[in-house]
Amino acid sequence: MRHDAAVRPELIDLDRAARERVSEQIAAKGGHCECCGAKEFDVGDALYLGFLFLDEEPDAYMIALTCRNPDCAKPRTGIVVGEKDFLGS
């Protein structure tokens with residue numbers, strides 16, 4: 234997902250490898266769309282949460298997800314993932 238860094242500088246554009254690691258995390262945890270039950274998502278940008286919410290881990294990121302089911306009534310969602318689980322070492 235591309236964004237204008239001047240408008241949304243807090244978003245982190247993930248490379249292909251990071252997006253694949255997020256997809257692997259979703260599959261490993263049995264993730265699915267709460268609206269339609271589909272298990273396939275397009276992985277979007279990341280937002281660092283550690284400084285925003287006191288109850289989140291310091292390395293927490295919210296990753297944007299879009300359900301791939303074209304008939305899904307609510308295709309946009311997200312998943313909280315630790316930095317090491319998608320950005321690698």
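Residue numbers for the sequence shown follow this note's numbering, beginning at 234 and rising by one.
We put the beta carbon where it would ideally sit given N, CA and C, even for glycine.
- Ranked by Cα distance from D304, the first of C269, E243 and V314 is C269.
- Within 10 angstroms of the beta-carbon of A251 lie 16 or more other beta-carbons, which makes it buried.
- According to the DSSP assignment, R252 belongs to the alpha helix (DSSP H) that extends over R249 to A261.
- According to the DSSP assignment, G277 belongs to the beta strand (DSSP E) that extends over F274 to Y281.
- The straight-line gap separating the alpha-carbon atoms of C266 and K272 is approximately 6 Å.
- C-alpha of G277 to C-alpha of V255: approximately 10 Å in a straight line.
- Between V314 and Q258 a beta carbon distance of about 6 Å is seen, short of the 8 Å cut, so the two are scored as contacting.
- The beta carbons of A297 and G311 sit closer together than 7 Å.
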